[in-house]
Amino acid sequence: MSERPDELRVCPHCGQENAAYTLRCIRCGQELDELFELKGFEPSQGSVEKASEDELAPMSEILASLDESPLLAETDKADEDNEEVTSEAEENQPDSDKESPDWLERIRQRAKEEEDAAGELAKGGLAMDDRRSQEGRKQVDEAFDEIMRRIREQNEREKARRTRRVESDLVDENGDPEWLRRIRELHPTREDDSNETPQAIVNKDALEDEWTEEELQELLRREMGLPETPAEETEEEVTTEVTTPVPLTEESEPGLTDQLLEQLEDQVAETEPEPVVFHNIPEDDERTLNSDVDGDLPLEEDSILEPPQEPAQPGEDTELEEVNEPTETLVEAETEAEFEGKSLEAEEKLETESESAPSTDAPLSTEEVLPDLLLLKNQRERSQVFSEIIGQEGRRTIAVLHETTPQGKIGRLVLGLLLILGVLLAILLGKPGQVYLPLSAPATAFAKNLESIAVNDAVLIVLDYQAATQNDIEPLAVRALEILEEKGSNVKVVTANPENIWLAGNLLDPVQVPDEFIPGGMLGYLALAVGETPSWGELPINQAFTDDAELFDGIKQVILVSDSAEFVRMWLEQISPWQPGIKTSAITTSVSAPMLLPYHDSGQLQGVVAGIADAKALEVAPQNLVNQRAFQVGMLLMIVVLLLGMITKADEDTLRRTAERKQ
Amino acid sequence: MKQRTPVITAAISGIVMLAALFFQPFTAPYLGLVLGWAIILSSVALLVAIASLVVTHIRFIVKGRKGFLFSIILVISFLGTVSLGWYLGLEDPAFLKGIQSILIPLENALMALIALVLMSAAVKIFRVRGWSILTISFGLSALVFLFLNLGFVRFDSNPALSQLVSSLQHLPVVGARGLLIGVALGALLMALRVLFGQEALRE
Amino acid sequence: MSTVDLLLLLAGLVLSLMVFSYLLGDTLLFGIAMYTLVGMTAGFTFLVLLQKVILPMAIYPLSTFPQTSALLALVPLVLSLLLVWLLFKKSSKLSGIPLGFLGGVVAATLIVGVTRGTLVPQLLNIVNAFDPNKMSSAGLPNWIAIFEAFMMLVGVLAVLFVSHHRKNKVKQDAFSHSWLDGLSGFGQMFIGITFGAIFVGLFSTGLVALIAYIQYLVDFARLW
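Residue numbers (the working numbering), protein chains in the order written: chain A, 1 to 663; chain B, 1001 to 1203; chain C, 2001 to 2224.
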């Protein structure tokens, strides 16, 4: 027979070793016509005869095994029918055929045996049909159909399991996700597969997909109710049974012979002495599933999706044990069939959730359900939770009110440049102009109070402002000093702020400093306001004065030149109550003015002039003021920006409400 | 015990000072003396703060801490000012002019920067704070006062208009008065807590 | 213009330009300008305090020892040394004495000053608005004065109520009266008006500084 290696032919396409008489490669389907032709025109007659003997041997063995089958044992009539069929065939042959060569005769014989696309099993069935009766044939068909159904079920499950494995690989093509590693720990053999090259995986899958002899024998024996027989006897039966799925594809059907099948079985037996996987049924692809040959299998496919109505078969248990899954996995796998409908939904849900997962293969159909999806679903959900947690790592969980963003910086820069540009253009292009700012009541009161100062009245000017606000204050302070000087008042300039030592030169003569520096700030003013020189000597603060330490003696008016509302308030709180006869007024900035208005309202401040807006009250010379047009441009820009902020917010709210309504 | 010393000292000195203020003018010499001590102490405290600042930055320079370039600049400018002022005299015109030449543009630029930053703040304020009575009244008030500062309209030409503008300008008095009274009440409460030893100064 | 003046002018110009680098998000140049400002200000203040306060008030009186004034000068001197000790030992218990003394004096002046300078005058001003002489003119009610007086009273109370109501609202969220909310909203309205005026004042001050600075740059450029 074909057990000798020198009779194997290597496929030029994929390198698969095939039987000598195989028409097509059993792996890639490549036509091996050359082999056929060589076989047909074999010059050596002896070799042909030997080959024909080898070729006929398995058929005789099959027939012998079928004769031993209890299903066929009673049919003597079947034998007679078989002889009749054979004789009829011989009688129907034309005379010319009798003269044909021996090799041609054998080919015809073989073609007669392989008359339909049912393949080897069908061929065996034909031989059986010749022998058994109609009733026996029916029993055999039923047994055969049952075997086929079970094999297909197992095939479908294995295929779905493999598809799931492929899909799981698609989840993370760059690395192994956590849940996949856990599954591989549960499936050590598959983990090994993942580390192999694709070609190695294909080869290994091909080997794993083949049935072992013992399994097939056991399966056939169980289905046919035969007692256990030695492996040598059942081997040929199994060979016949196993090759039945092959003719599912019409193209591959004609080339498979009994010798080839036996040879393949021998190969499997040599390469896989230990039964590792369940079957050697080729993996059905889309074309196979949709083929016309499978057209008679819709019920079988549906039965896969339907929950089984009976407990799991012993064969299924064996299958599950061979998966090498832990007990927990087995339990879930045993119940998998009961929940395959749910698994479908779960799979769809998972597919929906993992839309972003990269896909390198065709999408799975809902029919290709993962049998043990329940196991994976739990793990996948946990993996998704983990991935979400990892994804949120480092993210801020508490909202920040003010977050400096690049957009914020750019916006600030743009607005700032806009204001600078506007002011610059107004300075360069326009004339200073004149603005008509409304006079405030405190400013008018300040001017009146200043006018009321008589000649030789002592006026105390208290400086407390920063260089930053000098442009808002100094024009007013300078004008007030001019007025006082015009009136001939006795002006005394003091400060408790070190900065005003070098700023005073802007108000007075450039080289002039304040008349006195008051130590300790407001405490110093208070000490001078409430203190009296004791009989035992001088007070400490008197030591700090270069001149007379009686600061408030003879003072009629105090003019506070300050950019701080706090300073003015402190003065009114700490000093004014102790010096009730002194009128107090203030020259301040626009910022401080609103907080000083209540003091003017209550009469504590005689008057307040605040910034450039009140310059008109003192008739400040325009050259001492900043460019009025530029001031107007700046104010106008701020109005626009403020309105823009309001409109933007309103627009955002509208969009948000619209979105909420849609939701 | 650690907290008691300053609290007790504050309570005693505060009560004595309060009594001295109430019994004016009989206690005027003593009041001047105690206030003089307080002035010296506050000045020393300010000196200690400045010294601490400089020492800290010198330590940063020695350790080579990140950003010690700024520390170098601070120490150099501090020592340069002190040494020049000590050498030339505090009221020397050249020294004061040198200070002016550098600090006036710097502080002016800082105040100008405030105007630029306020521009972007005006855009964000409603987005950050949202709509409320406070923000709406704030926005309307700002718009009104900005418009008044534009100077496009001569309000003094019409007495009624002038009266209206005067009323608008007087509106902030209500809120300011309420705020001032609130701040005053808060300060009063805090001072009383100090006097009664309930406010640990060191905390 | 002397070379020194020119150098000082350029130094001020460059440093002030560094300030505007803040708009670009730069911290180096802005930091250089700021630390220069702080260093010079601190140095000048240090000099002023030393020459105008410490030496004349705390050190020079000791020269008249053993007069009373000199003896009395020892008290602040000792307290000052305790304060200086803070530089070397920040957790010193004795350093709390001068700080406590300072705090007590400030607290006492605050009580008297706030009461006499703000609380009483401002509250009296509210009450005085209801003076019958002010609320009537020629025997007829002055409705404007009456309106203003009530507005001031209710407005100030509402402003004072705002913070109190906000605290209570946080504490007891469910407890809410419509009229209390209305009063709080009324106060918020006046606070918003005041803040709006302050905002415009701040912008006005900054704008004036900006205009002056740009004018300074333009004048500087026109020099050349």
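Virtual Cβ for every residue (Gly too), placed ideally from N, Cα, C.
Check                                                                                                                : Outcome
Residue-level contact to chain B via CB, Arg412/A, 8 Å cutoff                                                        : yes
Neighbour flag for Lys2134/C against chain B, beta carbons, 8 Å                                                      : no
C-beta atoms of Glu1091/B and Val513/A nearer than 8 Å                                                               : yes
8 Å Cβ cutoff, Leu539/A in contact with chain B                                                                      : yes
Segment limits, alpha helix (DSSP H) that includes Ser564/A                                                          : No alpha helix (DSSP H) contains Ser564/A, which DSSP labels as neither H nor E.
Residue-chain proximity (Glu532/A, chain B), Cβ-Cβ < 8 Å                                                             : yes
Selection of the stretch 413-435 of chain A by Cβ proximity to chain C, strictly under 8 Å                           : Leu413, Gly416, Leu417, Leu419, Ile420, Val423, Leu424, Ile427, Leu428
Among Arg412/A, Ser564/A, Ala621/A, Val620/A, nearest to Pro2198/C - alpha-carbon criterion                          : It is Ile, not Pro, that sits at residue 2198/C in the sequence shown. The residue with the shortest Cα to Cα distance from Ile2198/C is Ser564/A.
Nearest-angstrom beta carbon gap, Ile2211/C and Phe631/A [assumed within contact, 8 Å]                               : 6 Å
7 Å CB neighbourhood of Ile1072/B in its chain, flanking five on each side removed                                   : Ile1061
Residues bridged to Asp509/A [DSSP beta-bridge criterion]                                                            : Per DSSP, none; premise fails for Asp509/A.
Member of Gly2025/C, Leu2081/C, Ile2111/C, Leu2050/C whose CA lies at the smallest distance from the CA of Ala1191/B : Ile2111/C
Near the ligand GTP: Ile518/A beta-carbon under 7 Å from a heavy atom                                                : In the structure on display, the ligand GTP does not appear, and there are no ligands present to speak of.
Terminal residues of the beta strand (DSSP E) in which Val1183/B lies                                                : Run containing Val1183/B: none in the beta strand (DSSP E); it sits in the alpha helix (DSSP H), 1172-1195.
Residue range of the alpha helix (DSSP H) that includes Ile1073/B                                                    : 1068-1088
C-beta neighbour in chain A for Leu1180/B, strict 8 Å                                                                : yes
Proximal chain A residues relative to Trp1037/B, where beta-carbon distance stays under 9 Å                          : Pro540
Exposed unless 16 or more other CB atoms sit within 10 angstroms - verdict on Gly531/A                               : buried
For Pro2141/C, the three-state DSSP class (helix, strand or coil)                                                    : strand
Those residues which DSSP pairs with Asn18/A across a bridge                                                         : Arg9/A
Below-8 Å beta-carbon distance, Gln1024/B vs any chain A residue                                                     : yes
Where Gln1100/B meets chain A, residues with beta-carbon distance less than 9 Å                                      : Ala467, Trp502, Leu503, Gly505, Asn506
Thr2036/C to Leu2124/C span [Cα, whole Å]                                                                            : 48 Å
C-beta atoms of Val561/A and Ile461/A nearer than 8 Å                                                                : yes
Cutoff 8 Å: Met570/A Cβ touching any chain B Cβ                                                                      : no
Neighbouring residues, chain B, relative to Ile639/A (Cβ below 8 Å)                                                  : Leu1143, Leu1146, Phe1147, Leu1150
Any chain B beta carbon closer than 8 Å to Thr648/A                                                                  : yes
Residue from Asp1156/B, Met1017/B, Gly1139/B whose Cα sits closest to the Cα of Ile639/A                             : Gly1139/B
Beta-bridge pairing of Val462/A - partner residues as DSSP gives them                                                : Val494/A, Leu560/A
Ala1028/B, enclosing alpha helix (DSSP H) - first and last residue                                                   : 1028-1063
Residue-chain proximity (Tyr2060/C, chain B), Cβ-Cβ < 8 Å                                                            : no
Cβ distance (whole Å) where Thr2045/C is taken to contact Pro498/A below 8 Å                                         : 5 Å
N- and C-terminal bounds of the alpha helix (DSSP H) containing Ser2178/C                                            : 2178-2223
Residue interval of the beta strand (DSSP E) (run including Ala673/A)                                                : Residue 673/A is absent from the structure shown; chain A starts at 1 and stops at 663.
Below-8 Å beta-carbon distance, Gln1163/B vs any chain A residue                                                     : no
Interface residues of chain A facing Met2057/C [CB-CB closer than 8 Å]                                               : Pro519, Pro540, Ile541, Gln543, Ala544
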